[in-house]
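Novice: In terms of this note's numbering, the sequence shown opens at residue 86 and continues consecutively.
Backbone N, C-alpha and C define an ideal beta-carbon position, used for all residues, glycine too.
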Amino acid sequence: MSDELLLSAEMGEADRLTIAAGPTDGIGLMRRAGEVVAAQVLKCYPSAAHVHVLCGPGNNGGDGYVVARILAGSGVAVTVWASGAPRLGSDAALAAAQCPIHPRPLSDFDAAPGSIVVDALYGAGLSKPLSGDAARAVDHAARQRLPVVAVDLPSGVSGDSGKVLGTSFSADLTVTFARKKPGHLLLPGRERCGEIVLADIGIGDDIIARLQSRTFENRPALWLRGLPVPAVDAHKYKRGHVGVFCGGPSATGAARLSALAAARSGAGAVTVLSPGNAMQVNAAHLTSIMLRKSDDVADIEAFIGERRPSAFVLGPGFGIGEKTRTFALTLLAFGRQKKIAAQIDGLVFDADAITSFREAPDILFEAARRPDAPALVITPHEGEFARLFPDIADDDALSKLDKARAAAAKANAFIVYKGADTVIAAPDGRAAVNSNGAAWLATAGSGDVLSGIAAGLLAQAMPAFEAACAAVWIHAEAGCRFGPGLIAEDLPPAIVPALRELVEARQKAPFG
């Protein structure tokens, strides 16, 4: 299946379009959903003494009635607990009528240790906090430590935002249909889903394509077509040149981490742009990375004119203040500097480059919105995001996905909103949620490496959204593979095995 993520409304439309196209009807989709859930219960819990199926009044509950019927027919002891009767004439009402087990009221829910719970109460479409009998059922299952199989999404978790609405089940297994929902990947919902099984119930790829979803799970299929692979006649400058700005003598390490990552990600040449008073410090640590003095705007212009760099990293260890703002705006304005015939394809602003604009973010946004400005990738963690986009960050009605999209549109930039559930958003509304992150990446300097990977890919003319998505995935994959003991210095060489596999896959893929 493809990598689209469907919002609750989009999933409802997919159901509607599938039914309208025929020959499958609503109860047919419901039966298929129930069948795959029941099969997973039998597969994962073959010795379960008792299965308790909790059914809501809507379609999620209808799936539950199908699950109960199939499990009972397989010889499993089943009790059905209902939070309300399905609407008369609905598919859920038909499923309930075909279930041989008379439901008991959810208010009486009681399950002994050793039982299994199938949560078919509300699924992804819940829009208000879980309360009353449903909340008590959650508490009871947690106290008894009962394994929970969730239908579509654990009840209480928003399918669109991943937020927990009041309380929610913590599932051991979640079975969802056609496509994942953002709530399966965004925190804290992701932690409540357990293992996720994506099942085909007959909603075709052609139907999904008609929805024109703009939300994706960040996996290689999303951007592999654009991954740079050097041509046979490539030389180092054909593979792109990255400039990485460095801070003063006591703050040079972050820039070197970015520079090494840019080189490892395929850039043919990388130069650390150092203040004059840090040249000796950097020279003592650099071998394949070039070094050049860069104290002012004239130095930047001379470097660009002579060496034709195609991407820059600004921010890691650079310092906060007027110099940072001046350098940032100079780079953004460079496309309009006709006196030097050079082309910058992309900029990556991180750390101090973000914080330097906290008092006047609109100056940055205005510069990025000009039509000939280079593509701008901004990589904030939560605190930096709040400094640059305080109004968006403070809006509790927005999900992390919504916030990243709003920030991308406001700044005309590609936003990498970092965290365990990193979201990458483009100004045109596309967004991807990363799902391969690892706690090992929570170490000083890790973000500097991410910035370097992104710049290295931008320098090789990879489109900005795809480059940002690829950088996030490669960075996370390197962290996952390295595992315990990881420090930032380990990351640049650790990306090589993952990158090798991606290049091999790209060369074998049937792309034009």
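1) So what's Asn519 in DSSP terms, helix, strand or just coil?
2) Using only the alpha-carbon positions, how far apart do Met86 and Ala579 sit?
3) Please work out which residues of its chain come closer than 6 angstroms, Cβ to Cβ, to Ala118, disregarding the five sequence neighbours upstream and downstream, and give them in chain order.
4) Kindly indicate which residue of Ala205, Gly169, Ser192, Thr164 has the alpha-carbon position closest to the one of Pro185.
5) According to DSSP, is Lys378 helix, strand or coil?
6) Since Leu139 sits in a beta bridge, which residues does DSSP pair it with?
7) Assuming Arg277 and Ser255 are in contact, meaning their beta carbons sit under 8 angstroms apart, how far apart are those beta carbons, in whole angstroms?
8) Just to confirm my understanding: we take Ala153, look at its own chain, exclude 5 residues before and 5 after, and list those with CB closer than 6 angstroms. What are they?
9) Checking the sheet assignment: what are the DSSP bridge partners for Pro456?
10) Fully enclosed by the stretch 276-330, which alpha helix (DSSP H) runs are 4 residues long or longer?
11) Throw me the rounded Cβ distance for the Gly244 and Asn145 pair, which I believe falls under 8 angstroms.
12) Considering only DSSP beta bridges, list what Phe567 is partnered with.
13) For Asn497, does the count of other Cβ atoms within 10 angstroms reach 16, so buried, or fall short, so exposed?
14) Thinking C-beta only, is Ser359 closer than 7 angstroms to Cys331?
15) When you compare each of Ala235, Val121, Ile500, Ile389 to Ala205 by their alpha carbons, which one comes out closest?
16) Please confirm whether Ala396 and Val327 have their CB atoms less than 7 angstroms apart.
17) Where are the alpha helix (DSSP H) runs, 4 residues long or more, that stay fully inside the stretch 175-242, in chain order?
18) To the nearest angstrom, how far is the alpha carbon of Ala573 from that of Arg490?
19) Quick check on Thr411: does DSSP put it in helix, strand or coil?
20) Give the straight-line distance between the Cα atoms of Arg172 and Asp513, rounded to the nearest whole angstrom.
21) Quick one: give me the first and last residue of the alpha helix (DSSP H) that Gly406 is part of.
22) Taking the alpha-carbon positions, what's the Val581 to Gly210 distance?
23) Kindly indicate which residue of Leu312, Ala549, Ala436 has the alpha-carbon position closest to the one of Glu589.
24) Cβ of Ala544 within 7 angstroms of Cβ of Ala352?
25) If you drop the 5 nearest sequence neighbours on each side, which residues of the same chain put their C-beta closer than 6 angstroms to that of Ala510?
26) In terms of alpha-carbon separation, which member of Arg295, Leu231, Ala220, Ile292 lies closest to Ser200?
27) Please determine, among Arg310, Lys485, Leu371, the residue with the shortest C-alpha to C-alpha distance to Pro267.
28) On the three-state DSSP scale, how would you describe Glu95?
29) Hey, out of Pro188, Ile448, Ala123, Ala561, whose CA is closest to Leu414's CA?
30) Measure the CB-CB distance between Thr409 and Ser441 and report whether it falls below 7 angstroms.
31) Do you know whose CA, among Ala529, Ala546, Leu114, lies nearest Gly570's CA?
32) Helix, strand or coil for Gly504? Go by DSSP, reduced to three states.
33) Measuring straight from C-alpha to C-alpha, what distance separates Arg304 and Asn519?
34) State the Cα-Cα distance for the pair Ala180 and Ile463, rounded to the nearest angstrom.
35) Quick one: what does DSSP say Glu467 is sitting in, helix, strand or coil?
36) Buried or exposed for Asp218, please, with buried defined as at least 16 other CB atoms from any protein chain shown within 10 angstroms of its CB.
Specialist: Taking the structure as given:
1) strand
2) Unreliable positioning characterises Met86 in this predicted model, as indicated by a pLDDT of 43, which lies under 50. A coordinate reading is not provided.
3) Asp148, Phe262, Ile286
4) Thr164
5) strand
6) Trp166, Asp204
7) 5 angstroms
8) Val138, Val163, Val165, Cys184, Ile186
9) Beta-bridge pairing links Pro456 to no other residue.
10) 290-296
11) Rounded, the Cβ-Cβ distance is 11 angstroms, inconsistent with contact.
12) Looking at the DSSP assignment, Phe567 forms no beta bridge with any residue, so it has no partner.
13) buried
14) yes
15) Ala235
16) yes
17) 176-182, 217-228
18) 29 angstroms
19) helix
20) 40 angstroms
21) Segment: none, Gly406 is in no alpha helix (DSSP H) and carries neither H nor E.
22) 41 angstroms
23) Leu312
24) yes
25) Ala489, Arg490, Ala493, Ile500, Ala516
26) Leu231
27) Lys485
28) helix
29) Ile448
30) yes
31) Ala529
32) coil
33) 8 angstroms
34) 50 angstroms
35) helix
36) buried
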